[in-house]
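Below is one structure, written out as structure tokens, with a few remarks after it.
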Amino acid sequence: MKEPYEAYIDDYSTINVYMSKNFFEGKSSSFHLKDSQGRIVPLSIQKRSDLYNGYTHYKLSINEELEVGEEYNVYDEHCKTTPAKYSHIVKTERFSRQFTNIRDDLGVEYTKEKTTFRLWAPTTRRILLCLDDGKEKQRYEMTKRPYGLFEFELAGDHHGKAYSFLVRREGEWKECIDPYSLFSNANGRNSIIIDPERMRLPEKVEMEPLQYNTDAIIYEANVRDMTSQSGIGVEHPKTFAGFIEENETTKAKDVGFSYLKSLGITHVQLMPVFDFGSVDEDYPDRYYNWGYDPVQFRVPEGSYALDPEDPLSRVRELAELVHRCHENGMKVNLDVVFNHVYEKERFALDTLVPNYYFLMNQNGEFSNGSFCGNDIDTQPIMSKRYFINTCRKIISLYDIDGFRFDLMGILDLNFMNELSEECRRIKPGFMIYGEGWNMPSFLPENLRAAQQNQNQMPHVGHFSDRFRETIRGSNGDLVQKGYASGNLDKIAEAQAVMAGSCQDFVFNSPQKVVNFVECHDNHTLWDKNRVACHGEGRELREKRQVLANAMVLLAQGIPFLHAGQEFGRTKHNQGNTYNHPDNVNQMDYERRNRHMPIVEATKTLIQLRRQHPAFRLTTSEQISNNVHFETIDNQVLVYKTSCGSDANIVFFNPTSQHFQYVVHQGGEVLFDNGQCNEKYATNLQIAPYSVVVYHFNN
């Protein structure tokens, strides 16, 4: 606290004052308000409390009608003044009723004849539009309308001009960019006015809608990592444009986009591609970051653009990336971070309406379930509307096919349901899934978009940490093994997760369970097994890698692969590489060349999943009726799954022992990385550390 005391408007009739005991021992016998016109509003002390942190708390009642948006200062008996800050009042029902009946077209509306600017900022009195055409800077007073709307109409054609806003707040002018804008220059210094006709985005590619989520095979990739390795022949490495280059070779093996196309996956999930704060867009090679620190939710990240200063460069290049993926049969999901922001103090929406967009309690404390200090609150009407409109615009502009939500458990489930319904209305088959962890936020547990509430979110998927812990082993303890790395005590749990966690009712539909053993977070599977399976040679760990990948790809639910998982990607034993340099995070195609057997095995398993509906059952009822398990000596998991005439028996052997199994149906071996069986064998040999897939017609 910089001032001797601070004052917060927490309701239409209540101001809370916190006074330092270093200032007149924290004592004042009276307080009053003064507005911007010098008019005095009396305040009454309702309660005085001595706090243990060196402050005295005064609960004051306002004796006249408060005008929201007016600028008030509080005076104590010593004539010391402090601004009255709008705080918890913005969370009240009355505030919502008074100010949220407002149009949706906030931001900039451009025509060649005029540009109209609109902002929602009910708690401020004045906003100035600051326009910069590169030659001179001009300021214009915006007009305040009902419901907290500010508006200004500027005659003429202003395409390409930079702008920002000055907001009068708590006795100061605070600058912010336009939170509704789709266009920005480098590092978000300004928003930019753009004529939509000059965008010239590629035409959309017609693709069949995803019928069932279980038909998807998701591959998580980072735009920068895919082409950051030196010497692979990419003209524009680490960029949207470089991501889709195809003239690259390294030792006659495909890299980058050519390699991505060869895998057979259905959905590319891009790690954050919208503006984040931890990389200098003017000097992107000086910094590395995954991008889970959002600044502008609607503007693509400039460090991935060929020209970050050109507001159209990043937009066109991201759109072209999606277009090229679609041309090659791959859909694109985007990783969005709607749970916190990079810096609350500089976040444009918070500058316009302080505290409204963040989860806080009655004491004015901010929720920290994200461990970033500023959990976003998706419950207020204008907050929910902002993020749903953001998703609408992203789908419309870039034609993307799904959203993956970072720390989804911070968000409320009603928001997620409304969002998923709207996205599927715009684009049938749209995927919505995320990290449904039960984060320790201020949101009541029964309202969190968390895994324990999955039955209340019919079209929202969740990452299955249960699958990860069972097959891979403990995420928090590198030594602890999973079933695929040799912990046979987990064989019963392995049965449950291979059935999509539906048979024991953890999930009520396989459409909602995302199975994975590796993602961008934490150690890669290869690095985990270097510790958990210490002493095992490289060849054996390659087999374990295939076994774990097979369990992901053949389980009921939605399979999820992390880029490089198919060749034993390493991050050199580093567990959290969000800001590590390129040589740690890069896709290492030379390593890929050395581990081609894992790559080819993974490709085969991907094709098996796509060709056989028995691995893609669509309901928990189907799973209950068509998925069965056996074990061999309580060591080898025997997974039987069928769909109509498509019947399969899969054997997972994570041990050093050799087993046999006699099948009584005539069929064929589709996969056997132990290479022990003839194609039409019936006395199956299950080699150590192997996977065998046997197919027959029902």
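Quick note on full-length UniProt numbering: the sequence shown kicks off at 1 and runs consecutively. All residues carry an ideal CB built from backbone N, CA and C; glycine is no exception. Given the structure is predicted, the values throughout are model-derived calculations rather than measurements.
Is it the case that the CB of H658 approaches a heavy atom of the ligand FAD more closely than 7 Å?
The ligand FAD is not among the ligands present in this structure, which contains no ligands whatsoever.
Can you name the start and end residues of the alpha helix (DSSP H) that Q556 belongs to?
That residue, Q556, is in no alpha helix (DSSP H); it is neither H nor E in DSSP.
Thinking C-alpha only, which one of I400, I388 and D465 is nearest L407?
D465 is the residue among I400, I388 and D465 whose C-alpha sits nearest the C-alpha of L407.
Would you decide whether P308 is buried or exposed? Buried here means 16 or more other CB atoms lie within 10 Å of its CB.
buried
Residues in the same chain with beta-carbon distance under 6 Å from N683, minus the five sequence neighbours each way, listed in chain order, please.
V662
Would you check if there are 3 or more beta carbon pairs closer than 8 Å linking the segment 68-84 to the segment 353-368?
no
Hey, quick one: how far does the alpha helix (DSSP H) through G256 stretch, first residue to last?
G256 to L263
Can you tell me where the beta strand (DSSP E) holding P83 begins and where it ends?
Membership of P83 in the beta strand (DSSP E) is indicated by the continuous run T81 to Y86.
Check each candidate in V513, E113 and I686 and name the one with the smallest Cα separation from G557.
V513
For the segment 480-494 against the segment 520-535, are there 3 or more C-beta pairs whose distance is under 8 Å?
Yes: at least three Cβ pairs fall under 8 Å.
Report the three-state DSSP secondary structure of C457 (helix, strand or coil).
One point to set straight first is that residue 457 is Met, not Cys, in the sequence displayed. It is coil, neither helix nor strand.
Taking the straight line between their C-alpha atoms, what separation do you get for W290 and E320?
Spanning the two alpha carbons is a distance of roughly 21 Å.
Could you check the C-alpha separation between L128 and N187 for me, to the nearest Å?
22 Å
Just confirm the distance between the C-beta atoms of P272 and V341, as a whole number of angstroms; I'd bet it's less than 8 Å.
Contact flag wrong, Cβ pair sits at about 13 Å.
At 3 residues or longer, what runs of the beta strand (DSSP E) sit wholly inside the segment 289-316?
The segment 289-316 contains no whole beta strand (DSSP E) run of 3 or more residues.
In the DSSP assignment, what are the bridge partners of C533?
Paired residues: none, contrary to the question.
In angstroms with no decimal places, state the Cα-to-Cα distance between D293 and F366.
Distance between the alpha carbons of D293 and F366: 17 Å.
Simplified DSSP state of A499, which is helix, strand or coil
coil
For I9, write down the residues that DSSP places opposite it in a beta bridge.
I15 and Y86
Beta-bridge pairing of E25 - partner residues as DSSP gives them
Its beta-bridge partners do not exist; DSSP assigns none.
Rounded straight-line distance, which links the Cα of A614 to that of F696
11 Å
Residue ranges of each beta strand (DSSP E) within the segment 364-447, 3 or longer:
402-405 and 431-434
Here's the rule I'm using: 16 or more other beta-carbon atoms within 10 Å means buried, otherwise exposed. How should L51 be labelled?
exposed
Beta-carbon within less than 8 Å of E422's beta-carbon, same chain only, minus the 5 sequence neighbours each way: which residues are those?
I388, C391 and R392
For A7, which residues of its own chain have a beta-carbon under 6 Å away from its beta-carbon, when the five flanking residues on both sides are left out?
I15, V17, V74, T82 and A84
Taking DSSP's pairing of strands, which residues face A155 in a bridge?
The partner list for A155 (beta bridge, DSSP) reads K114.
So what does DSSP say about C176, is it helix, strand or coil?
strand
Could you tell me the distance, in whole angstroms, from the CA atom of S370 to the CA atom of E153?
39 Å
Within the segment 622-674, note down every full alpha helix (DSSP H) run reaching 4 residues or more, in order along the chain.
none
Tell me whether S509 sits in a helix, a strand or coil according to DSSP, three-state version.
coil
Nearest-angstrom Cα separation, counted from C676 out to V279
51 Å
Terminal residues of the alpha helix (DSSP H) in which L352 lies:
A348 to L352 is the span of the alpha helix (DSSP H), which, as asked, contains L352.
Helix, strand or coil: how does DSSP classify L106 here?
Under the three-state reduction of DSSP, L106 is assigned to coil, being neither helix nor strand.
So F31 is in the beta strand (DSSP E); what residue range does that whole segment cover?
F31 to K34
Same chain, Cβ closer than 6 Å to V41, neighbours up to 5 away in sequence not counted:
The answer, listed in chain order, is L33 and E64.
Hey, I177 and V108 are a contact pair by Cβ (cut 8 Å); roughly how many whole angstroms apart?
The Cβ separation is near 11 Å, so there is no contact.
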